[in-house]
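According to the working numbering, the sequence shown is numbered sequentially starting from 68.
Here a beta-carbon is modelled for each residue, glycine too, at the ideal position from N, C-alpha and C.
In what follows, a single structure is set out as structure tokens and then discussed.
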Amino acid sequence: MATETITITDNRTGKTYTLPIEHGAIKATDLRQIKAGDEDQGLATYDPGFMNTAACKSRICFIDGDKGILEYRGYPIEQLAGTCSFLEVAYLLVHGELPKQGELDEFTRNVSNHTILHENVKQFMTGFRYDAHPMGMFVSTVAAMSTFYPEAKNIHDPAVRRKQMLRLIAKVPTIAAFIYRHNAGLPYAYPDNELSYTGNFLNMLYKITESKYKVNPIMERALDILFILHADHEQNCSTTAMRSVGSANTDQFSSLAAAAAALYGPLHGGANEAVLKMLRQIGSKDRIPEFIERVKKGEGRLMGFGHRVYKNYDPRARIIKQTAEEVFSVTGKNPLIDIAVELERIALEDEYFIKRRLYPNVDFYSGIIYEAMGIPTEMFTVMFAIPRTVGWLTHYEEMVTDADQKIARPKQLYLGSGRRDFVPMDKR
Ligand code: CMC
């Protein structure tokens, strides 16, 4: 018997049950033995949106939402963002430990070896309309890649999974850059593997006719920080999609396309795009109070505010706010930052937001930096998807190698009609 237990009395029958508690949770299947009668299928929990249901055990990412703490593999996000490169953090997430120099060099080499896209992927992408939404293109292109690497179906082979992981981490910046170029009507720029992960991405976005693109080190570092902050965030909507789709033994490309589709939504990764649209709509500081009143009346949300887990300042938002100043030293100030800072100040003093513990989240300031870097608003969620690819793949790996995991298949509480006989058309 477990040392920690809970005893439940079913007031319908007067029976008591003692259930083990492990890691602060009871097993939902242990509730099945609690029945009101022979026909009863057993007690279930009802939890739309998984507000209090753990669907897995995980060792990747820790969040304490009340204290505003985020850690990857135990390391505080502030320390990682302050010192590491994005690929160093990617290695940490994937392998569980920080790399030694030789290990990082090898990982970097392996990623660099896979940055090029098959020419047919490029041709496939040219089929999109000139104004196609970047996330629609991203989701479809990632899904299409499963047809280029059919061996990805062998999901129980660790070497195959590892290869697809490297491919995806390496190729998502190339896909993103091609999407940008497609919408801008520019010729696609191929990867330059002598550059860093983020330096190469900037090169593929902005290289025009120069033989060697010169990466601005401040922009490169800022992008590394932004990518680190977005690399993982435990069981959010898109990671849950990755795990759920992957639980059917679906390959990494197709599962990742599903995760990216979940990220697209404005309540999730699509919020960074929505924040920018909101700030532009507000237009000037004097119109903020009127906007806040509309939000409080339920006429829309303050995008970039609130979080399912954080009931305190999102630590990523704090770091992004600092990074913004560094980017502005190169690009000039984005005037929207003044509206955002004032909006944050007013909201954080307002009873509505205080009572509901609504604070700025990662998306509140990220778009302002991306805009200053010259990235179009519609691309913002793609900018989120590039680094989150590492988190999604790490969770996929953990899920596939976890003996507890089964195909995702939630229960429902059926409230529809009881059994009834079919009525022919002329009698309805
Ligand atoms: N503006 C105004 N009111 C809000 C907001 C907001 N941004 N967020 C939550 N509320 C209110 C909500 O109306 C509700 O009030 P009441 O209790 O009176 O009905 C209360 O706060 C609780 O909200 P909820 O929708 O039940 O909370 P949730 O945990 O289900 O939703 C959320 C979390 C992130 C979807 C939500 O806060 C939201 O819609 N925020 C705006 C979108 C956004 O910024 N999303 C990015 C999240 S962080 C990055 C990521 O995940 O990609």
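Alpha helix (DSSP H) segment containing residue 174, residue limits:
Taking the first residue of the sequence shown as 1, we reach residue 174 at position 107. Unbroken alpha helix (DSSP H) run through residue 174: 168-179.
Which residue marks the beginning of the alpha helix (DSSP H) containing residue 304, and which one marks its end?
The count along the sequence shown starts at 1 and reaches residue 304 at position 237. Start and end: 304-313.
If you pair each beta-carbon of the stretch 255-269 with each one of the stretch 211-225, do three or more pairs fall below 8 Å?
In short, these stretches do not touch, since the Cβ pair count stays below three.
Closest residue to residue 229 among 385, 319, 110, 346 (Cα-Cα distance)
Position 162 of the sequence shown holds residue 229. Closest by alpha carbon: 319.
Residue 70, DSSP secondary structure in three states:
Indexing the sequence shown from 1 puts residue 70 at position 3. Here residue 70 sits in coil by DSSP.
If residue 390 sits next to residue 292, beta carbons under 8 Å apart, how far is it from one beta carbon to the other, in whole angstroms?
If you number the sequence shown from 1, residue 390 lands on position 323. If you number the sequence shown from 1, residue 292 lands on position 225. Confirmed, Cβ separation roughly 5 Å.
So, are the CB atoms of residue 349 and residue 415 less than 9 Å apart?
Start at 1 with the first residue of the sequence shown, and residue 349 comes out as number 282. Start at 1 with the first residue of the sequence shown, and residue 415 comes out as number 348. No, Cβ-Cβ distance for residue 349 and residue 415 is not below 9 Å.
By a C-beta neighbour count over all protein chains shown, 10 Å radius and 16 as the cutoff for buried, is residue 174 buried or exposed?
To locate residue 174, count along the sequence shown from 1; it is residue 107. So residue 174 counts as buried.
Proximal residues to residue 157 (C-beta, below 7 Å), its chain only, five neighbours per side dropped
The sequence position of residue 157 within the sequence shown is 90, counting from 1. Excluding positions up to five away in sequence, the list reads 236, 298, 457.
CA nearest to the CA of residue 273, picked from 284, 247, 330
Within the sequence shown, residue 273 is the residue found at index 206, counting from 1. That would be 247, whose Cα lies nearest to the Cα of residue 273.
State the start and end residues of the unbroken alpha helix (DSSP H) segment that holds residue 340.
Position 273 of the sequence shown, counted from the start, is the residue given in the question as residue 340. Run containing residue 340: 338-349, per the alpha helix (DSSP H) assignment.
Is there a Cβ from chain C that is less than 9 Å from the Cβ of residue 400?
Absent here is chain C; the protein component of the structure consists of one chain.
Can you list, in chain order, the stretches of the beta strand (DSSP E) that have 3 or more residues and sit fully within the stretch 77-142?
83-87, 128-131, 136-139
Taking all protein chains shown into account, decide if residue 418 is buried (16 or more other Cβ within 10 angstroms of its Cβ) or exposed.
Numbered from its first residue, the sequence shown carries residue 418 at position 351. Answer is exposed; the Cβ neighbour count stays below 16.
Residues in the same chain with beta-carbon distance under 6 Å from residue 324, minus the five sequence neighbours each way, listed in chain order, please.
If you number the sequence shown from 1, residue 324 lands on position 257. Once the five neighbours on either side are set aside, the close Cβ partners of residue 324 are 206, 209, 210.
Shortest alpha-carbon distance to residue 481 belongs to which of 108, 97, 468?
As a working mapping, residue 481 is identified with position 414 in the sequence shown. Of the candidates 108, 97, 468, the one whose C-alpha sits nearest the C-alpha of residue 481 is 108.
Around the C-beta of residue 437, are 16 or more other C-beta atoms found within 10 angstroms, so that it is buried, or is it exposed?
What you label residue 437 is simply residue 370 of the sequence shown in a count that begins at 1. By the neighbour-count rule (16 or more Cβ atoms within 10 Å), residue 437 is buried.
Using only CA atoms, which one of 98, 115, 94, 92 lies nearest to residue 76?
For the purposes of this step, residue 76 is taken as residue 9 along the sequence shown, with counting starting at 1. Taking each of 98, 115, 94, 92 in turn and checking the Cα distance to residue 76, the smallest one comes out for 98.
Rounded to whole angstroms, what is the Cα-Cα separation between residue 372 and residue 425?
Translated into positions along the sequence shown, residue 372 becomes position 305. Translated into positions along the sequence shown, residue 425 becomes position 358. Roughly 6 Å between the two C-alpha positions.
Give the single residue among 119, 103, 310 whose Cα lies nearest to the Cα of residue 460.
Position 393 of the sequence shown holds residue 460. Considering only alpha carbons, the answer is 310.
For residue 136, tell me which candidate among 119, 301, 172 has the shortest Cα-Cα distance.
Numbered from its first residue, the sequence shown carries residue 136 at position 69. Among 119, 301, 172, the Cα nearest to that of residue 136 is on 301.
Would the C-beta of residue 294 count as close to the ligand CMC, meaning under 8 Å from any of its heavy atoms?
Translated into the one-based positions of the sequence shown, residue 294 becomes position 227. Remark: the shortest separation between the CB of residue 294 and any heavy atom of the ligand CMC does not fall under 8 Å.
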